[in-house]
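A.B. asks: Let me begin by handing over the structure; questions about it come next.
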Amino acid sequence: MAAAPISPACQVCRERVASLQRKADHAECLLANGSKLRISRFLAAHISNGDEIAFPLFPAPVNRGTELYVTKNSHSGHSHDLYQAPIGNATQPQRNKRDQLFVAAEVGEGSLGISSVFLRCEVLRDYFYRIPRGGGASDQHTLYDVLRVPAGASPTEVRVAYKLRALELNSAGAPHSERVGLERAFNILAQPELRACYDALLTDPDGPAPFPYGGFGSLFVAGERSHDGEVFFATRILAFLPERRRRQFHAPLRKCDFDDDRALYHDARRKLEFWIDHAALGLVWNSSWNQWKHLLGAKMQVNATFVQSGRYRHRHGKWELVSHETALPSRMEVKLPADIQEQIETARKTYHRFGQYSAALAQIRLRVESQAVEKSELEKMCAALRVPGDFDISLTTWRPDYDRFFYRQLSHRARRIYLFRTEYIFELEKVVAVETPQLGHATYLFSKPIRMEGFLAAYTKVSKDDIRHNRGSAAEKLGFLGRVIHGANPRTWLKELRQRLGE
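Here's what the structure looks like:
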């Protein structure tokens, strides 16, 4: 694991606790030097008079994300110190020299000299997974018991059970701790990898227990510091608060990988991923959807709470942390457009036609591979090959990762559209736009030629690289005006496009 960066040297306060005064929503800690420190009531419950407290002196007040070390008073009866710090990525379970399974969590920009927190898997198991002890005593419950579902319940059944149980607890005015326990149980069982780990722990409680969702948050633990002071060995987790943020956006269904009982949405550009079950999406699907999902233009509206996650990958001879955000299943809402069923049937029908008229479409693909052909001419060719007139010929060369947004914005402005290989050439009022409707690409703009036939003949003989570097005066001959990069936000692309078009 890479060492966590240590923040620049700053002043550290180390003082004895003289007294504690608990308020309605916080507590005040009176230090021996006469100063007062405002802390949470939860933290105050673990501090006693005579304890030594250390923390960096920053302008911001002490809160759950602040690094803090408490050395317990030897007369308090507690042998373990307390440590609170923001942590980054937590490693996968590994074995130490004593053959004990543990996880190492890096401390983010620590100021007290501690670079990482080591947690034995049994510590993670007791806090996050709550594995019953003593061979399944009647007063101990599994996470399945908390949700009142059998161990073999499907993802949809688990979600429905969570919603029903949450309604019951809210109606009964159940304690906050019980509702938190229900949500934690669901977030473990609704994530396939965590559920698999939990099922393995039920069989072998001494097995590896990963840090759920990879760490990233504020960790409050009890334990002891190493001799060199750089590592804190935690014997108990007192609290963990993950980094969270609420996000709302529209996500294309074609970016989902569909299994029979769940689907995984993954967006490399936004660095987002989340799991969806049938109950969350309000649709029933199977793995056959993966064959034609790229023809589905529908987008779902996602409103969810995301937590930071990440994993180390070996690249270019060194380990790099690749971070992403994962939606908490319990705090995710998904809405589909009203015409979703109509869009699904259209995509299925189109895919069926790809097979039904494969010979005719193969001829069209072969023709546009060598020359740019106008869309209307291809439609006539389809009619001659007895392909139905309502077939969208532009889908003949459509790729799974193409985005309809770029295509739609240019097509409704175009006077004529041409297909060439995997590109679309749009003859607009004042310019010609060459488009690969895919994130990571760019829209190439050219001045309007006198004759489109001459432009197309010249364009099909050069590459994009030739145009960018003006090899053989390719850019000058074609009247190259520049590129509009798609970028991370398509709306930014549209704004620049409108400026280029004089709209």
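Position one of the sequence shown corresponds to residue 3 (our numbering), numbered consecutively onward.
Even glycine gets a Cβ: it sits at the ideal position worked out from N, Cα and C.
Looking only at C-alpha atoms, which of 418, 241, 223 sits nearest to residue 455?
C.D. replies: 418
A.B. asks: Based on Cα-Cα distance, which residue from 170, 177, 208 lies nearest to residue 128?
C.D. replies: Looking at the Cα atoms, 208 is the closest of the given residues.
A.B. asks: When DSSP labels each residue in this structure, what does residue 488 get in the three-state scheme?
C.D. replies: coil
A.B. asks: To the nearest angstrom, how far is it from the Cα of residue 453 to the Cα of residue 273?
C.D. replies: 44 Å
A.B. asks: Hey, residue 404 and residue 440 are a contact pair by Cβ (cut 8 Å); roughly how many whole angstroms apart?
C.D. replies: 5 Å
A.B. asks: Taking its Cβ as the centre, do 16 or more other Cβ atoms sit within 10 Å of residue 15, making it buried, or is it exposed?
C.D. replies: exposed
A.B. asks: According to the neighbour-count rule (16 or more other Cβ atoms, all chains shown, within 10 Å of its Cβ), is residue 178 buried or exposed?
C.D. replies: exposed
A.B. asks: Quick check on DSSP: helix, strand or coil for residue 343?
C.D. replies: helix
A.B. asks: Could you compute how far the alpha carbon of residue 54 sits from the alpha carbon of residue 122?
C.D. replies: 26 Å
A.B. asks: Can you tell which of 148, 23, 382 has the C-alpha that lies nearest to the C-alpha of residue 181?
C.D. replies: 148
A.B. asks: Do residue 253 and residue 294 have their beta-carbon atoms positioned less than 8 Å apart in this structure?
C.D. replies: no
A.B. asks: Specify whether the stretch 373-387 and the stretch 416-436 touch according to this definition: at least 3 beta carbon pairs, one from each stretch, less than 8 Å apart.
C.D. replies: yes
A.B. asks: If the criterion is Cβ atoms closer than 8 Å, does the pair residue 231 and residue 115 meet it?
C.D. replies: The answer is yes: Cβ separation under 8 Å.
A.B. asks: Under the assumption that residue 332 contacts residue 164 (Cβ atoms under 8 Å), give the Cβ distance between them as a whole number of angstroms.
C.D. replies: With 8 Å as the limit, residue 332 and residue 164 qualify as a contact, their Cβ atoms being about 7 Å apart.
A.B. asks: Between residue 240 and the rest of its own chain, which residues show a CB-CB distance below 7 Å, the 5 nearest in sequence each way excluded?
C.D. replies: 48, 222, 223, 224
A.B. asks: Check whether the Cβ atoms of residue 192 and residue 126 lie closer than 8 Å to each other.
C.D. replies: no
A.B. asks: Is residue 138 helix, strand or coil when you go by DSSP?
C.D. replies: The pLDDT assigned to residue 138 is 45, lower than 50, so where the model puts this residue is not dependable; a value taken from the coordinates is nonetheless given after this. Residue state, collapsed to three classes: coil.
A.B. asks: Using 10 angstroms around the beta-carbon of residue 198, count the other beta-carbons present and answer buried if the total reaches 16, otherwise exposed.
C.D. replies: Its Cβ having fewer than 16 others within 10 Å, residue 198 is exposed.
A.B. asks: Please tell me whether residue 297 and residue 255 are closer than 8 Å, where the distance is taken between their beta carbons.
C.D. replies: no
A.B. asks: Report the start-end ranges of each alpha helix (DSSP H) in the stretch 143-223 that is 4 residues or longer and not cut off at the edges.
C.D. replies: 145-149, 157-174, 178-191, 194-205
A.B. asks: Between 25, 443, 237, which lies nearest to residue 82 when the distance is taken from Cα to Cα?
C.D. replies: 237
A.B. asks: Between 21, 30, 46, 69, which has its C-alpha nearest residue 52's C-alpha?
C.D. replies: 21
A.B. asks: Going by C-alpha to C-alpha distance, which of 213, 412, 340 sits closest to residue 498?
C.D. replies: 412
A.B. asks: Are at least three pairs of beta-carbons, each pair with one atom in the stretch 485-496 and one in the stretch 444-451, less than 8 Å apart?
C.D. replies: yes
A.B. asks: Let me know if residue 327 comes out buried or exposed under the rule of 16 or more other beta-carbons within 10 Å of its beta-carbon.
C.D. replies: buried
A.B. asks: Along the chain, where does the alpha helix (DSSP H) that runs through residue 468 open and close?
C.D. replies: 466-471
A.B. asks: If you follow the beta strand (DSSP E) that residue 14 is part of, which residue opens it and which one closes it?
C.D. replies: 14-24
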